[in-house]
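If you read the protein sequences in the order shown, they are chains A and B. All the letters of the first sequence, read from the start, carry residue numbers 3 to 116 under my numbering. All the letters of the second sequence, read from the start, carry residue numbers -4 to 110 under my numbering. Please read the structure below before turning to the comments.
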Amino acid sequence: EAGVAQSPRYKIIEKRQSVAFWCNPISGHATLYWYQQILGQGPKLLIQFQNNGVVDDSQLPKDRFSAERLKGVDSTLKIQPAKLEDSAVYLCASSRQGLVETQYFGPGTRLLVL
Amino acid sequence: AQSVTQLGSHVSVSEGALVLLRCNYSSSVPPYLFWYVQYPNQGLQLLLKYTSAATLVKGINGFEAEFKKSETSFHLTKPSAHMSDAAEYFCAVRGYGGSQGNLIFGKGTKLSVKP
Chain A
3 EAGVAQSPRY
13 KIIEKRQSVA
23 FWCNPISGHA
33 TLYWYQQILG
43 QGPKLLIQFQ
53 NNGVVDDSQL
63 PKDRFSAERL
73 KGVDSTLKIQ
83 PAKLEDSAVY
93 LCASSRQGLV
103 ETQYFGPGTR
113 LLVL
Chain B
-4 AQSVTQLGSH
6 VSVSEGALVL
16 LRCNYSSSVP
26 PYLFWYVQYP
36 NQGLQLLLKY
46 TSAATLVKGI
56 NGFEAEFKKS
66 ETSFHLTKPS
76 AHMSDAAEYF
86 CAVRGYGGSQ
96 GNLIFGKGTK
106 LSVKP
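Right, dumping it as C-alpha cells:
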C-alpha cells in the first residue's frame, strides 16, 4: 500500500511571496489533515477534511492560509503572503473514518521563509 | 480540552539500557492516546495506541506503554535500547468536540542512544 505523498519536500521563499503544498493521501482514506510543525514543537492541526468537506479549520490563519480538497482525494495548502513565522514543516496525514483509526503521515514539506 | 505534557525534551541512554519516556495527559473524557516516532527528515510513524481496551499496550520495535488513569500517565518504555531507536518521540491525545478526530501532540522528547 502506497503511503501519503507530499511535494515539494523543501521550499525556500522570501516573505510576502506565495507558496503551495500538495498532498495525496492513502487510497480509500476519507479523512485528511494538515499539520504545522515548528522547530522544537509537536505538530499542530491546521485543517481537517472529511471527504471534500472541512471538519475543523479553527486554527488555520485564514487571512493568509487556504486549503482545498477537490473530489475528496488530493489536497493543496496555500500560504499567501508568507511571513517569517511560517517557517516550519507542513505535514499531511490521512486516516479512515473513526476516532481510533491510525493517522498515517507523509514525509512533510520543509518551508523556509527568508 | 485535551492536552499532553512530555517531561524531558531530551533523554540520553546507553545502548542496552532501559528507555523511559514520560507522558501525562489531561482529558475531560476517556482518552485515546498515541505514541509516534519521528526520524530526521521524515514524517511521523505510529508506535502504539491506547483505545480503552488493555491498559498495557504493545507496539512496534519492542516498545510498550501503560495507561494509568489514576496518574493520568501513558509512559513509553523499552527494556533495551538500540542505536536505531535514536529519534524524536511524540505523545498525542485524540481531540474531541470541535476538534474531534485530530491529534493534540506534546512537544516531543528527543532520544539519544550512546554506544
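For every residue, glycine included, the Cβ atom is placed at its ideal position computed from N, Cα and C.
Can you grab the Cα-Cα spacing for the pair PHE85 (chain B) / PHE23 (chain A), in whole Å? Their backbone Cα atoms lie some 24 Å apart in a straight line.
SER96 (chain A) by DSSP, collapsed to three states: which one? In the three-state DSSP reduction, SER96 (chain A) falls in the strand class (E or B).
List the whole-angstrom C-beta distance separating THR50 (chain B) from LEU13 (chain B), where the pair is believed to meet the contact cut-off of C-beta under 8 Å. That belief does not hold up - the Cβ atoms of THR50 (chain B) and LEU13 (chain B) are roughly 20 Å apart, past 8 Å.
Please state whether DSSP places SER65 (chain B) in a helix, a strand or coil. In the three-state DSSP reduction, SER65 (chain B) falls in the helix class (H, G or I).
Helix, strand or coil: which one does DSSP assign to GLU70 (chain A)? Under the three-state reduction of DSSP output, GLU70 (chain A) falls in the strand class.
Return no unless some Cβ of chain B is closer than 7 Å to the Cβ of THR78 (chain A). Answer no: the Cβ-Cβ gap between THR78 (chain A) and chain B never drops below 7 Å.
Please work out which residues of its chain come closer than 8 Å, Cβ to Cβ, to GLY108 (chain A), disregarding the five sequence neighbours upstream and downstream, and give them in chain order. Here the set comprises GLY5, VAL6, ALA7, GLN8, CYS25, LEU93, CYS94 and ALA95.
I need the boundaries of the beta strand (DSSP E) containing ALA7 (chain A), first residue and last residue. ALA7 (chain A) -> beta strand (DSSP E) spans 7 to 9.
Which stretch, first to last residue, makes up the beta strand (DSSP E) that contains ILE40 (chain A)? Run containing ILE40 (chain A): none; DSSP gives neither H nor E here.
Could you check how far apart the C-beta atoms of VAL111 (chain B) and GLY101 (chain B) are, in whole angstroms? I think they sit under 8 Å. Here chain B comprises residues numbered -4 to 110, so residue 111 (chain B) is not present and cannot be evaluated.
Minimum Cβ-Cβ distance from GLN50 (chain A) to chain B less than 7 Å: Chain B contact via Cβ: present.
Taking C-beta pairs closer than 8 Å, name the residues in chain B that LEU62 (chain A) reaches, listed in chain order. Chain B residues near LEU62 (chain A): none, gap ~12 Å exceeds 8 Å.
Within its chain, find whatever has a CB closer than 6 Å to the CB of GLN105 (chain A); leave out the 5 residues flanking it on each side and keep chain order. In chain order, ALA95 and SER97 place their CB closer than 6 Å to the CB of GLN105 (chain A), counting only its own chain and leaving out the 5 sequence neighbours on each side.
Does the distance from the CB of ARG18 (chain A) to the CB of PRO63 (chain A) come in under 7 Å? With contacts defined by Cβ atoms closer than 7 Å, ARG18 (chain A) and PRO63 (chain A) do not form a contacting pair.
Using only the alpha-carbon positions, how far apart do LEU43 (chain B) and ALA82 (chain B) sit? So the two alpha carbons sit approximately 16 Å from each other.
Between the Cα of GLU103 (chain A) and the Cα atoms of B:GLY3, B:VAL24, B:ASN19 and B:LEU41, which residue gives the shortest distance? For the options B:GLY3, B:VAL24, B:ASN19 and B:LEU41, the alpha carbon positioned closest to that of GLU103 (chain A) is the one of B:LEU41.
Beta-carbon contacts of ILE14 (chain A) that lie in its chain and below 6 Å, excluding the five residues immediately before and after: Excluding residues within five positions, the ones whose Cβ falls inside 6 Å are LEU114.
Would you please verify whether the beta carbon of ASN97 (chain B) is less than 7 Å from any beta carbon of chain A? Yes, its Cβ sits closer than 7 Å to a Cβ of chain A.
What does GLN43 (chain A) reach in chain D if we use C-beta pairs closer than 7 Å? Of the chains in the structure shown, none is chain D; the protein chains are A and B.
Please identify the residue among A:SER68, A:VAL57 and A:LYS80 whose C-alpha is closest to the C-alpha of PRO10 (chain A). Ranked by how close their Cα comes to the Cα of PRO10 (chain A), the residues A:SER68, A:VAL57 and A:LYS80 have A:LYS80 in first place.
Locate the beta strand (DSSP E) running through TYR20 (chain B), then write down its first and last residues. Counting along the chain, the beta strand (DSSP E) containing TYR20 (chain B) begins and ends at 14 to 21.
Is it a yes or a no for the stretch 59 to 73 of chain B touching the stretch 11 to 29 of chain B, going by three-plus beta-carbon pairs under 8 Å? The stretch 59 to 73 of chain B vs the stretch 11 to 29 of chain B: in contact.
Option nearest PHE51 (chain A) by Cα separation, candidates B:ASN97, B:LYS105 and B:TYR91: Among B:ASN97, B:LYS105 and B:TYR91, the Cα nearest to that of PHE51 (chain A) is on B:ASN97.
Can you check which of these residues, A:SER68, A:GLY44, A:GLY74 and A:ARG112, is closest to LEU34 (chain A) by C-alpha distance? Looking at the Cα atoms, A:GLY74 is the closest of the given residues.
Interface partners of LEU41 (chain B) on chain A, CB under 7 Å: Within 7 Å Cβ-Cβ: THR104.
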